[in-house]
Amino acid sequence: MKTLAVVVTTPPYSPLTVTALSYVETALVAGINVIGVFFYQDGAMHANENISIASDEYQAIAHWQRLQQQYQLPLHICITAAEKRGIACDSIDNEQINQAFTVSGLGELVELTTKATRLVQF
Amino acid sequence: MSTLHLVRKSAFTTNDFAQCLSVLDQQDSIVLMDDGCYNLKHPLMDSLIKRANSTISINVISNHAQARAIETLAVVKQIKMNDVVELTFTHQKVITWQ
Amino acid sequence: MISSDTQIEDNLSQQNGLAIINSKAPFSSDYGKDALDVALIFGSFEQKVSLFFQGDGVYQLIADQDATLVSIKDYLKTFSAFEFYDIEDIYVCQQSLVNRQLDEAFHINDVQVLASVEFGKALNSHQHVLRF
């Protein structure tokens, strides 16, 4: 069984994130079991509910949400990376956090890495 | 054991591409993507192509190069994202140079 | 390229955990600290992790640095705890040292300086690679 884990370190407003999304969606369409995406460093900004990107620009967050819903793709944000970027992660009904994302620790990255046949970083 | 190298930075700005080349193995493949496409016109590319006479496969994501108005070279294979996904699993691991 | 999935699985079982490549100098970004956090968590979960220092990443290992002089938390000091996390494989790219006129004087012990080919081979023996 081919399993894939992906690490995203670029923020939602970066054109580099478009490439990451394209790669992950292509893998999902090809039937690859993508066991999770781990958002680390600036990637953690994806979970910030207050980010507003002009409507005529690429909507990375909406695309991740769509993949999460369509494929039950687990999206993990690193709590340490998120908190130092102003996303408070302390309560469950947190309005600052986009609900498509799961607040996780780096331990989740260990979990994904040990389970995946391939780990790809973007 | 073969490695797939995803090169995302221009060698005119950073040493990432040079560092990638320094660890490159005979069975490895390179995919130029994002600003990595600019490396098609970098002097380091010449040395890579000379080495590629052996077995190293050099690829570029076609729409990434085309978007940047970069002419591709005959020895560089133009691929799409589904090829990158396939290459991920025909190599034993992936290193992203970004 | 590869004859079968079985062969891939066989190869994987011989492979050697996670390799982290450090490519950035220590005090102008949080890449070094972010990489360190990943290394330590793998260590504390008893997962095999090796560290590679290449390019400006070699500056993270050089002796006699003092981050406090530029008001930065001295995360390099934590490198001395690697042995408690069973992080034993630490590799430095020799060419990167030579290019920067650096001696092999590091602030931790048991660092292995490798020429490019050996550095690449050591990297190649790992199952997964992250680069910071």
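Residue numbers (my numbering), protein chains in the order written: chain A, 1 to 122; chain B, 123 to 220; chain C, 221 to 352.
Glycine included, C-beta positions come from ideal geometry on N, C-alpha and C.
All figures in this text were calculated on a predicted structure; none of them were measured in a lab.
Assign residue i to buried or exposed, taking buried as 16 or more other Cβ atoms, counted over all protein chains shown, within 10 Å of its Cβ.
{"i": "Leu281 (chain C)", "result": "buried"}
{"i": "Ile53 (chain A)", "result": "exposed"}
{"i": "Gln121 (chain A)", "result": "buried"}
{"i": "Pro15 (chain A)", "result": "exposed"}
{"i": "Ser124 (chain B)", "result": "buried"}
{"i": "Gly31 (chain A)", "result": "exposed"}
{"i": "Val258 (chain C)", "result": "buried"}
{"i": "Gln214 (chain B)", "result": "buried"}
{"i": "Asn242 (chain C)", "result": "buried"}
{"i": "Asp90 (chain A)", "result": "exposed"}
{"i": "Ala191 (chain B)", "result": "exposed"}
{"i": "Arg130 (chain B)", "result": "buried"}
{"i": "Pro165 (chain B)", "result": "exposed"}
{"i": "Ala27 (chain A)", "result": "buried"}
{"i": "Met1 (chain A)", "result": "exposed"}
{"i": "Leu154 (chain B)", "result": "buried"}
Secondary structure at residue i, three-state DSSP: helix, strand or coil?
{"i": "Ile178 (chain B)", "result": "coil"}
{"i": "Ile35 (chain A)", "result": "strand"}
{"i": "Leu271 (chain C)", "result": "strand"}
{"i": "Tyr58 (chain A)", "result": "coil"}
{"i": "Ala239 (chain C)", "result": "strand"}
{"i": "Tyr71 (chain A)", "result": "helix"}
{"i": "Ile161 (chain B)", "result": "A small correction: the amino acid at residue 161 (chain B) is Asn; Ile does not occupy that position in the sequence shown. Correct three-state label for Asn161 (chain B): helix."}
{"i": "Cys370 (chain C)", "result": "The question about residue 370 (chain C) has no answer, for chain C in this structure spans 221 to 352."}
{"i": "Asn137 (chain B)", "result": "coil"}
{"i": "Cys142 (chain B)", "result": "helix"}
{"i": "Thr194 (chain B)", "result": "coil"}
{"i": "His213 (chain B)", "result": "coil"}
{"i": "Leu322 (chain C)", "result": "coil"}
{"i": "Ser345 (chain C)", "result": "coil"}
{"i": "Asn98 (chain A)", "result": "coil"}
{"i": "Arg85 (chain A)", "result": "coil"}
{"i": "Asp332 (chain C)", "result": "What sits at residue 332 (chain C) in the sequence shown is Gln, not Asp. Gln332 (chain C) falls in the strand class under three-state DSSP."}
{"i": "Ile292 (chain C)", "result": "coil"}
{"i": "Thr114 (chain A)", "result": "helix"}
{"i": "Lys202 (chain B)", "result": "coil"}
{"i": "Ala283 (chain C)", "result": "coil"}
{"i": "Thr218 (chain B)", "result": "strand"}
{"i": "Val258 (chain C)", "result": "helix"}
Quick check on residue i - is its C-beta less than 7 Å from some C-beta in chain C?
{"i": "Leu112 (chain A)", "result": "no"}
{"i": "Met167 (chain B)", "result": "no"}
{"i": "Leu119 (chain A)", "result": "yes"}
{"i": "Ser176 (chain B)", "result": "no"}
{"i": "Lys215 (chain B)", "result": "yes"}
Only counting the same chain, and skipping five residues up and downstream in sequence, which positions put a Cβ closer than 7 Å to that of residue i?
{"i": "Leu195 (chain B)", "result": "Leu162"}
{"i": "Val269 (chain C)", "result": "Gly237, Leu238, Ile240, Ala259, Phe262, Gly263 and Ile307"}
Taking 7 Å as the CB-CB cut-off, is residue i touching chain B?
{"i": "Ala81 (chain A)", "result": "no"}
{"i": "Ser14 (chain A)", "result": "no"}
{"i": "Arg66 (chain A)", "result": "no"}
{"i": "Gly340 (chain C)", "result": "yes"}
{"i": "Ser264 (chain C)", "result": "no"}
{"i": "Glu229 (chain C)", "result": "At Glu229 (chain C), the pLDDT of 46 sits below 50, so the modelled position is not reliable and the matter cannot be decided from this model."}
Give me the chain A residues within the contact set of residue i, using Cβ-Cβ distance strictly less than 7 Å, ordered along the chain.
{"i": "Phe304 (chain C)", "result": "Going along chain A, no residue has its Cβ under 7 Å from Phe304 (chain C), so there is no contact; the nearest lies around 17 Å."}
{"i": "Leu238 (chain C)", "result": "Thr113"}
{"i": "Lys172 (chain B)", "result": "By Cβ distance, chain A contributes nothing, its closest Cβ being about 29 Å from Lys172 (chain B), past 7 Å."}
Residues of chain B with CB under 8 Å from residue i, in chain order?
{"i": "Val37 (chain A)", "result": "Correct list: empty, because the minimum Cβ distance to chain B is about 14 Å."}
Among residues of its own chain, excluding the 5 on either side of residue i, which ones have a beta-carbon nearer than 6 Å to its beta-carbon?
{"i": "Gln106 (chain B)", "result": "Nothing about residue 106 (chain B) can be reported from this structure: the residues present for chain B run from 123 to 220 only."}
{"i": "Asn231 (chain C)", "result": "Residue placement at Asn231 (chain C) is flagged as unreliable, the pLDDT there being 42, under the threshold of 50; a coordinate-derived value is accordingly withheld."}
{"i": "Ser132 (chain B)", "result": "Asp157 and Tyr160"}
{"i": "Thr226 (chain C)", "result": "Residue placement at Thr226 (chain C) cannot be trusted, given a pLDDT of 47 that sits under 50; what the coordinates show is reported in the next sentence. Around Thr226 (chain C): no qualifying Cβ."}
{"i": "Ala325 (chain C)", "result": "Ala283"}
Against chain F, does residue i count as a neighbour if the rule is that its beta carbon must be under 7 Å from one of theirs?
{"i": "Leu106 (chain A)", "result": "Checking the listed chains, one finds no chain F in this structure; the protein chains it contains are A, B and C."}
Is residue i close to chain A? Criterion is C-beta to C-beta, closer than 7 Å.
{"i": "Leu350 (chain C)", "result": "yes"}
{"i": "Phe211 (chain B)", "result": "yes"}
{"i": "Asn204 (chain B)", "result": "yes"}
{"i": "Thr218 (chain B)", "result": "yes"}
{"i": "Asp254 (chain C)", "result": "yes"}
{"i": "Asp138 (chain B)", "result": "no"}
{"i": "Asp156 (chain B)", "result": "yes"}
So, for residue i: in the same chain, excluding its five sequence neighbours on each side, which residues have a beta-carbon less than 8 Å away from its beta-carbon?
{"i": "Val349 (chain C)", "result": "Leu238, Ala239, Ile240, Ile241 and Leu343"}
{"i": "Lys115 (chain A)", "result": "Thr3, Ala5 and Ile35"}
Output, in chain order, the set of chain B residues within a Cβ distance shorter than 9 Å of residue i.
{"i": "Ile32 (chain A)", "result": "Val207, Thr210 and Phe211"}
What residues of chain B sit near residue i, judged by a beta carbon separation below 7 Å?
{"i": "Asn344 (chain C)", "result": "Met123, Thr125 and Asp147"}
Identify the contact partners of residue i in chain A, using a Cβ-Cβ distance below 9 Å as the criterion.
{"i": "Ile261 (chain C)", "result": "Gly105, Leu106, Gly107, Leu109 and Val110"}
{"i": "Arg130 (chain B)", "result": "Leu16, Thr19 and Phe122"}
For residue i, go through chain C and note every residue whose CB falls closer than 7 Å to its CB, in chain order.
{"i": "Gln188 (chain B)", "result": "Per Cβ cutoff of 7 Å: no residues; Gln188 (chain B) is ~27 Å from chain C at best."}
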